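**Q** Numbering (the UniProt record's numbering), first residue to last: 1 to 204.
All C-beta atoms in this analysis are idealised placements derived from N, C-alpha and C, irrespective of residue type, glycine included.
Just so we're clear, the structure is a prediction, and the values are computed from it rather than from any experiment.
Sharing a structure here in structure tokens format.
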Amino acid sequence: MPYYGQDFMLEDRCGQLTGSDFEDINDRVRLTLRCTQRESTHTIYMIFDRTNSVVFNYNNPLAVLDFGPNNTLGTVSFKPGTTMPMKNYLSKLSGPFAKSTVRKFMAQDGQEYLWTYKTKPDQEWACTNARGYPVASYNLKLYGEPEYQKSSGCMLTVDETYPHLLAGMLLLVLPAAESYADILCSSEMLASLTIMRHILAHNL
């Protein structure tokens with residue numbers, strides 16, 4: 001994946017939780033969120049990587065979000081086979097000031113990240129790492145901003161040093177074995193953001 005010295009800026013084409021395309025303005029990453037099944041018992045959304053293709057394989061999603069009946073939280077699954085309850089994956093902070101829209105998650109890179117809602121006037125959602133460093137944000141189209149032909153005006157921005165949280169491989173050095181290991185990180189940024197937006201939309 002090429003580096004430009006610029007954050008990943010993924011235009012949210014539709015701006016809807018029901019499905020959209022997220023495309024980097026520098027064409028480095030293209031992701032698709034699709035609802036693949038909707039029944040009374042559950043609703044399934046899948047995230048696909050379209051970076052190297054105009055189509056996607058329904059049998060090879062990066063992540064699967066399986067919500068329960070009446071829009072309740074269900075399970076989230078990532079390649080290569082990790083599945084867990086959403087409420088455990090995105091856990092609320094403890095204490096009297098804990099909010100449902102402030103949740104942390106442990107990513108497949110072994111690092112902890114925190115999503116918060118409207119902590120800054122210019123950000124709808126913000127994600128920071130354990131040290132409080134800004135990693136990602138999601139912004140809505142500004143009031144009065146003109147309509148765009150192929151974009152909702154919403155934008156998912158991710159720090160360029162975190163490509164593995166979008167769609168890619170994280171190369172880890174194993175000191176004891178003096179070797180390397182590739183860990184597939186399956187679009188956790190978009191998956192966790194989608195769950196957080198779902199939590200807000202349905203007051204969970």
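How far does the alpha helix (DSSP H) with E188 in it reach, from first residue to last?
**A** Indexing the sequence shown from 1 puts residue 188 at position 188. E188 -> alpha helix (DSSP H) spans 188–201.
**Q** What did DSSP end up calling K87 once you bin it into helix, strand or coil?
**A** Residue mapping note: residue 87 aligns to position 87 of the sequence shown, counting from 1. Of the three classes helix, strand and coil, the one that applies to K87 here is helix, per DSSP.
**Q** For the segment 43–50 against the segment 60–70, do three or more pairs of beta-carbon atoms, one drawn from each stretch, fall closer than 8 Å, so that the two count as touching?
**A** Under the three-pair Cβ rule at 8 Å, the segment 43–50 counts as touching the segment 60–70.
**Q** Provide the residue span of the alpha helix (DSSP H) that contains A126, from first to last.
**A** As a first step, residue 126 must be located in the sequence shown, where it is residue number 126. Membership of A126 in any alpha helix (DSSP H) is not indicated; the residue belongs instead to the beta strand (DSSP E) covering 123–129.
**Q** Just the C-alpha distance for P85 and L73, rounded to the nearest angstrom, thanks.
**A** Reading the sequence shown from its first residue, position 85 is the one you call residue 85. Reading the sequence shown from its first residue, position 73 is the one you call residue 73. So the alpha carbons of these two residues sit roughly 8 Å apart.
**Q** Tell me the rounded alpha-carbon separation between Y148 and E23.
**A** Sequence index remark: in the sequence shown, residue 148 carries index 148 (1-based). Sequence index remark: in the sequence shown, residue 23 carries index 23 (1-based). Roughly 14 Å between the two C-alpha positions.
**Q** Between which two residues does the alpha helix (DSSP H) containing L166 stretch?
**A** Residue mapping note: residue 166 aligns to position 166 of the sequence shown, counting from 1. Here the alpha helix (DSSP H) through L166 covers 164–167.
**Q** Pull up the distance between the alpha-carbon of T116 and that of D21, whole angstroms please.
**A** To locate residue 116, count along the sequence shown from 1; it is residue 116. To locate residue 21, count along the sequence shown from 1; it is residue 21. Distance between the alpha carbons of T116 and D21: 23 Å.
**Q** Given Q123, which residues of its chain have a CB within under 7 Å of its CB, disregarding the five upstream and five downstream residues?
**A** Within the sequence shown, numbered from 1, the residue matching residue 123 stands at position 123. If we look at Q123 and ignore the five residues flanking it on each side, its Cβ neighbours are S137, N139.
**Q** Tell me which residues share the same chain as S152 and place their Cβ nearer than 7 Å to its Cβ, disregarding the 5 neighbours each side in the sequence.
**A** Position 152 of the sequence shown, counted from the first residue, corresponds to residue 152. Cβ within range, chain order: D12, R13, C14, G15, K141.
**Q** Could you tell me the distance, in whole angstroms, from the CA atom of T194 to the CA atom of N26?
**A** As a position in the sequence shown, residue 194 is number 194, starting the count at 1. As a position in the sequence shown, residue 26 is number 26, starting the count at 1. So the alpha carbons of these two residues sit roughly 23 Å apart.
**Q** Using a Cβ-Cβ cut-off of 7 Å (strictly less than) and excluding sequence neighbours within five positions of I199, which residues of its own chain qualify?
**A** Within the sequence shown, numbered from 1, the residue matching residue 199 stands at position 199. The residues are S100, T101.
**Q** Which complete alpha helix (DSSP H) runs does the segment 44–125 hold, if anything under 4 residues is left out?
**A** 86–89
**Q** Excluding sequence positions up to five away, which residues of its chain have a Cβ less than 6 Å from the Cβ of G19?
**A** Against the sequence shown, residue 19 aligns to sequence position 19. Once the five neighbours on either side are set aside, the close Cβ partners of G19 are L33, R34, C35.
**Q** Please state the DSSP three-state secondary structure of N26.
**A** Counted from its first residue, the sequence shown places residue 26 at position 26. Coil at N26, not helix or strand.
**Q** Quickly, what does DSSP pair S137 with across the bridge? List them, please.
**A** As a first step, residue 137 is located in the sequence shown; it is residue number 137 there, counting from the start. Bridge partners of S137: A126, T157.
**Q** On the CB-based measure, 16 or more other CB atoms within 10 Å of its CB, does E39 come out buried or exposed?
**A** By one-based count along the sequence shown, residue 39 stands at place 39. Burial call: exposed.
**Q** In whole angstroms, what is the alpha-carbon distance linking L172 and Y143?
**A** Taking the sequence shown and counting its residues from 1, the one referred to as residue 172 is at position 172. Taking the sequence shown and counting its residues from 1, the one referred to as residue 143 is at position 143. Bear in mind that the predicted position of L172 carries a pLDDT of just 41, short of 50, making it unreliable; the figure below should be weighed with that in mind. Approximately 43 Å between the Cα atoms of the pair.
**Q** Across which residues does DSSP place E11 in a beta bridge pair?
**A** Indexing the sequence shown from 1 puts residue 11 at position 11. E23, M155, per the DSSP bridge assignment.
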